[in-house]
Amino acid sequence: MKNVKNIYLVGFMGTGKSAVASELAKKLNRRFVDLDELIEKREKRKINDIFTCSGEVYFRKIEKEILKEASFPTDAVVACGGGIVLDEENIKQMKETGVIICLSARPEVILDRTSRSNERPILNVDNPKEKVEELLKLRAPFYAKADYAIDSSQLKVSRIVDIIIKDIL
Ligand code: S3P
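Position 128, counted from 1, in the sequence shown is what our numbering calls 117; the numbers after and before it change by one each time, with no gaps.
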């Protein structure tokens, strides 16, 4: 294994970032960080409430601050929220302090996985299918900035972790 700094898991909602990051951290004996969890802890409220009461712009500001704080020391596996890549400075921060791995999945897989909870304000809309397709198109160029990409549609978490350890690190 090369001497990598932080390992950032990015990608659309429902692609398995948190599950993969948590298992990868365990296997590598590294610090596990879930940015959404840290945001909720800091704000003492759920992501849904932050979006509803304070808006997305406010959420993105906190997300950026938490990313900066969580980047050090550089020994972590970090599960990022799906929109982290939309800010160029976040990408810069992640590249300077580690490696970025993007998980992807087919739209129908994303819809199936995300329909199991209503904790994602961005998908709490009348037509989530349309929203997922629209956002996937819009965000594709941002996710493409990651250093590596893995399609998680048909892979178990443990298999993705193995791929990362064997082929990337
Ligand atoms: C978001 C994804 C969510 C969370 C917030 C916004 C997004 O995280 O940060 O609801 O803009 O894609 P997950 O990708 O972990 O669901």
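The C-beta atom is built at its ideal place from N, Cα and C for all residues, glycine as well.
Start and end residues, alpha helix (DSSP H) containing residue i
i: ILE55; result: 45 to 59
i: ARG128; result: 117 to 132
i: ALA14; result: 6 to 17
Cβ neighbour criterion (16 or more within 10 Å) applied to residue i
i: ASN79; result: buried
i: ILE154; result: exposed
i: VAL46; result: exposed
i: SER106; result: exposed
Cα-Cα separation between residue i and residue j, rounded to whole angstroms
i: ILE139; j: SER43; result: 34 Å
i: LEU213; j: TYR(-3); result: Outside the displayed range of the chain (-10 to 158) lies residue 213, so it cannot be described from this structure.
i: VAL98; j: SER142; result: 6 Å
i: GLY72; j: LYS16; result: 26 Å
i: LEU56; j: ASP115; result: 31 Å
i: ALA129; j: LEU92; result: 12 Å
Neighbourhood of residue i by C-beta, 8 Å cutoff - its chain only, sequence neighbours within 5 removed
i: THR103; result: MET2, GLY3, ARG109, LEU112, PRO117 and VAL121
Cβ-based neighbour list, residue i, same chain, cut-off 6 Å, excluding 5 preceding and 5 following
i: VAL22; result: ALA59, ALA65 and VAL67
i: ALA94; result: THR4, SER141 and SER142
Beta-bridge partners of residue i, as assigned by DSSP
i: CYS91; result: VAL(-1) and ALA138
Host beta strand (DSSP E) of residue i (start-end)
i: VAL74; result: Here VAL74 belongs to no beta strand (DSSP E), and DSSP marks it neither H nor E.
i: VAL146; result: Unbroken run through VAL146 is the alpha helix (DSSP H), 146 to 152; no beta strand (DSSP E).
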